[in-house]
Amino acid sequence: MNKKFVNINIEDLSENFSEISNCIKKYYPIGLTREDENYFSYSGIVALNEIINKYSEEDYYEKEWNRGFLEKLKLDFHDIAGTTAGLVPNFSGVIRLKNTLESRTELHFYKSLIGNYFTIEVLENIHLKEISHPVFGKRKTWAIENIIVSPVGEYEEVFLKVYQLITKKYKGVKFLPYVFDLYRITNLDVPYKSNNEEVTIAGAFFQKFSSYDKSITIIGDINYEIDRLKKDSDNNQNDCK
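Here the numbering used here is used: the first residue of the sequence shown is 87, the next is one more, and so on.
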């Protein structure tokens, strides 16, 4: 099931998901790019950097994520590693499910540092693919065959196990379904993405290993648990920290 990206403005997002919209507007200056002299002085960007710096400190990161959470996961999964990549607004980790000389399958999980959100996806058949580059000629790059976005099929049990462990660790945490990886926010720029890269709703909360393109098949329910997010927005709940 392949999906195309859809562009959406922040006001349209507010109609159904005000909690998510408010969190994005709190931390990111909609309409400003990193080239604008006022971008990095925006109060939300300043606050975001303070949060990231706090959680990136080695002692805090070790206590909160490595020893605080990943060690518990190792009781159930042996081939697991933290993958948090420096100055990004999330913790992350990976569980290796299958590994051969030709490919590997991994479960990736992310916990945002802004807003109480997390997400999980299984990247199936990660392999090297040869492509033609207009400047560098033929080269190899990593490719993904499938992204499994909800607890279905062969990986249902492991998906639900990680889900349960995250919700047990973080009180009130909410699952951000994969549909938010398919909506790009108009005029949204974040400091940890490549220049000129359009930012999805999910991209405001997570810096992921994978990004969707038309060669990847999405398996599962892209709207998994979305009703909870709608309900919280209807009730005017906003726990964006």
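Glycine residues also receive a C-beta, built at the ideal position from the N, C-alpha and C atoms.
It should be emphasised that the depicted structure is a prediction, and the values quoted were computed from it without experimental measurement.
Could you work out which residue in the options is closest to residue i when comparing CA atoms only?
i, options, result
"K90", "T303, E210, L156", "T303"
"P175", "I131, I94, H213", "I131"
"Q293", "G306, D299, S301, P277", "P277"
"A167", "Y114, L262, Y196", "Y196"
"F261", "I106, W228, N93", "I106"
"E284", "G172, Y256, G117, Y113", "G117"
"E231", "F222, T119, G223, V208", "V208"
"Y264", "S296, F163, K257", "S296"
"N185", "H164, D162, I212, T169", "I212"
"S178", "E97, E101, I252", "I252"
"I138", "D165, T170, P115", "T170"
"T119", "K279, I234, C109, E210", "K279"
"K254", "L173, E242, F204", "F204"
"G172", "L193, R270, E143", "E143"
"L187", "L214, L193, V180, F163", "L214"
"Y141", "E121, E101, L193, S198", "S198"
Report, in whole angstroms, the separation of the C-beta atoms of residue i and residue j, which I expect to be a contact under 8 Å.
i, j, result
"A290", "L274", "7 Å"
"K316", "F126", "K316 to F126, Cβ: 34 Å. No contact."
"I134", "I200", "At residue 134 the sequence reads Leu, which differs from the Ile that was named. Indeed they touch by this definition, with Cβ atoms about 7 Å apart."
"L99", "I287", "7 Å"
"I305", "V238", "7 Å"
"R153", "D165", "In fact, because the Cβ distance is near 18 Å, the residues do not count as touching under 8 Å."
"V221", "Y310", "Wrong, their Cβ atoms sit about 40 Å apart, outside the cutoff."
"N95", "T227", "With a Cβ gap of about 32 Å, N95 and T227 do not count as contacting."
Looking only at DSSP bridge pairs, what is residue i linked to?
i, result
"T227", "K215"
"L209", "E192, I233"
"T286", "R270"
"Y203", "K260"
Please classify residue i: does DSSP put it in a helix, a strand, or coil?
i, result
"N88", "Residue placement at N88 is flagged as unreliable, the pLDDT there being 47, under the threshold of 50; a coordinate-derived value is accordingly withheld."
"T303", "strand"
"I312", "helix"
"S280", "coil"
"F266", "helix"
"N102", "helix"
"K197", "strand"
"I116", "coil"
"N108", "helix"
"I96", "helix"
"F292", "coil"
"Y241", "helix"
"Y249", "helix"
"C326", "coil"
Query raised in the report: Whole alpha helix (DSSP H) runs in the region 120–184 with 4 or more residues, listed along the chain?
Result: You should have 129–142, 144–147.
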